[in-house]
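Residue numbers (numbering that gives the first Met the number 0): 0 to 199. Heads up, the beta-carbon is just placed ideally off N, CA and C, and yes, glycines get one too.
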Amino acid sequence: MDIKEFIPEQLVGQQTDAVEQRSFSNETEAKEFYQLAKSRMLNVGQWHQISKMEASVFNLLDSDGKQVNRNVKVGDFVSIDIPGPGTKIGNGNDYIKVEHLEEISDGEDESVFYMRFRPSAPPGKPRDKTAHFFKADATSTFMVTRKAKTVSAEVHGRNEIPNMSTDKLIDKARNTIIAVSGFLGISVLQWKLLVKGVLS
């Protein structure tokens, strides 16, 4: 399988990639660890603990905006509490929505689990503007893969453009600063810590 087919095409803005791999002595160990890594990736509410990153806190919300303690599923939202001033439209948080989640196996040799998130309005407010420092064109694809005896955890950001489509001047300035700092490597570092934690 070519994992590129699961990642949206890069068309505009910036892209970010964080990849970590771990090899095992046999396929049985690799298969068992793949399941563990997948469960960690699905546990969005624990990402900041899994990765030991203190920069952001992630909370999993259902479609009504209620915080839940379970594995993520399509239609869920994730609120992101980033240090510093938050968005006015998101009441201090940034929001992403889970738009796709899938697992594919190619016989015994290869498995791919991936989920795709997109910046969104807060839950319950679909007509509101995007409450995130990137435009809604951006995507983040989180993956756990196994090929033979090697397990990988990956995050791929695509089409990352600062969100200027807000009426609040303070939000525009804030989104520009955070998005630009993300382009300089802060978000990449965050995702590298996550994929490393998923495979620890």
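Setting aside the 5 residues that flank it on each side, F57 is surrounded in the same chain by V43, G44, W46, H47, V77 and I79, each with a C-beta closer than 7 Å to its C-beta; the list follows chain order. With a cutoff of 8 Å on beta-carbon distance, K134 and F116 are scored as not near each other.
In the structure shown, T144 adopts extended strand secondary structure according to DSSP, grouped into three states. The C-beta of T129 has 16 or more other C-beta atoms within 10 Å across all chains shown, which makes the residue buried. It is roughly 8 Å from the alpha-carbon of T144 to the alpha-carbon of Y113. At the C-beta level, T15 and G196 stay beyond 8 Å of one another.
M40 sits buried, since 16 or more C-beta atoms from the chains shown fall within 10 Å of its C-beta. Straight-line measurement puts the Cα of S199 at about 16 Å from the Cα of F141. In this structure, T138 is the residue among V154, T138 and E153 with its C-alpha nearest to the C-alpha of L10. Collapsing the DSSP output to three states places K96 in a strand. If you draw a straight line from the Cα of V150 to the Cα of D61, it comes to about 30 Å.
Assignment of beta strand (DSSP E) within the stretch 39-71, counting only whole runs of 3 or more residues, yields 56-60 in chain order.
Around E19, the same chain offers S151, A152, E153, K191, V194, K195, V197 and L198 as residues with beta carbons nearer than 8 Å, after the five sequence neighbours per side are excluded. Residue pairing from DSSP places Y113 in a beta bridge opposite E101 and M142.
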